[in-house]
Amino acid sequence: MIMIKWLKRISATGAIGIWLYAIAVFAKDPAPFAELVPYCMGSTMLIFGVLTGIFKGLEYWEAHIKEKEKKQ
446 MIMIKWLKRI SATGAIGIWL YAIAVFAKDP APFAELVPYC MGSTMLIFGV LTGIFKGLEY
506 WEAHIKEKEK KQ
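Set out below in structure tokens:
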């Protein structure tokens, strides 16, 4: 259970770090921000969509472990 908590924390921290890096790359681009908005939105949706999938998988795994422990 502790491992699952730490995996959640690490994945969240990693996703936020990747997102901040992506936003920093877009901020350095000389193009007007109006042209970069679709890329910012797309990268945000993709990064946090993957994070949501990871969290759902870890929560499923956690529930499965708890269910096994109750049966024993």
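Each residue of the sequence shown is one higher than the one before, counting from 446 in this note's numbering. Even glycine gets a Cβ: it sits at the ideal position worked out from N, Cα and C.
In the displayed model, A479 falls within a helix according to three-state DSSP.
The distance from the Cβ of S456 to that of I492 is about 11 Å, inconsistent with a contact at the 8 Å cut-off. For the pair C485 and H509, the Cα-to-Cα distance works out to about 36 Å. Unbroken beta strand (DSSP E) stretches of 3 residues or longer found wholly inside the stretch 456-501: none.
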